[in-house]
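**Q**
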Amino acid sequence: HSDGETMAKELIQEMKPGEALLVFSPKQEPGHLAEELEKRGVLFDRIPLYDTVALPQNERKIRGDDFFAFASASAVRGLAEGTDGEEWKGKTAVCIGKKTAKEAEKYGFSVRISKETTMESMAEAFVEIKAARDRKRKDE
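In structure tokens form, the structure reads like this:
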């Protein structure tokens with residue numbers, strides 16, 4: 073599975089000596105990619121670009137069969153923060169990497185990690201999950 077660690081390794085392979093990177097991340101934390109690059113001694117500038125803000129509970133309209141897509145651990149926290157976690161138990165979440173999945177599991181989500189770190193791969197996971205649900209319902 074792709075994640076910050078894998079992305080850092082792939083970027084390093086493509087870099088030429090003396091090159092530096094520009095990394096955009098949430099304001100609240102450096103982000104997994106920045107952490108991995110720092111561990112490996114890569115030169116980079118980090119620009120804290122965006123805030124993750126929790127959605128007010130009264131604006132959440134969640135149905136029993138909803139799917140969730142998370143591309144970062146901070147996105148998981150933005151949705152689930154301030155809740156007891158009970159409303160997320162068993163809800164299906166497709167996560168873009170291992171650290172995001174670990175955060176979703178803390179809140180009780182049933183997690184599937186996309187095969188690649190792309191929106192297309194996440195969409196493919198949703199199609200597979202939906203097809204499996206439809207087959208199960210048909211068999212019942």
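Using the working numbering, the letters of the sequence shown correspond one by one to residues 73 to 212.
We treat Cβ as the ideally placed atom computed from N, Cα and C, and that holds for glycine.
#1: Cutting at 7 Å between CB atoms, please list the residues of its own chain near Phe96, excluding the five before and the five after it.
#2: Among Asp137, Gly150, Ala92, which residue has its Cα nearest to the Cα of Pro217?
#3: Applying the criterion that 16 or more other CB atoms from any shown protein chain within 10 Å of the CB defines a buried residue, is Gly169 buried or exposed?
#4: To which residues of the same chain is Met194 closer than 6 Å at the C-beta, ignoring the five residues directly before and after it?
#5: What would DSSP say about Phe116, mapped onto helix, strand or coil?
#6: How is the alpha helix (DSSP H) around Ala165 delimited, first residue to last?
**A** Quick look at the numbers:
#1: Position 24 of the sequence shown, counting from 1, holds the residue named residue 96. Take Phe96, set aside five residues on each side of it, and the residues of its chain with a beta-carbon closer than 7 Å to its own are Ile119, Leu121, in chain order.
#2: Outside the displayed range of the chain (73 to 212) lies residue 217, so it cannot be described from this structure.
#3: The residue given as residue 169 occupies position 97 in the sequence shown. Counting Cβ neighbours within 10 Å, Gly169 comes out buried, since at least 16 surround it.
#4: Position 122 of the sequence shown, counted from the start, is the residue given in the question as residue 194. Around Met194: Ala141, Val166, Ser186.
#5: As a first step, residue 116 must be located in the sequence shown, where it is residue number 44. When secondary structure is reduced to three states using DSSP, Phe116 falls in the strand class.
#6: Indexing the sequence shown from 1 puts residue 165 at position 93. Secondary structure note for Ala165: it is in no alpha helix (DSSP H), and the uninterrupted beta strand (DSSP E) holding it is 164 to 167.
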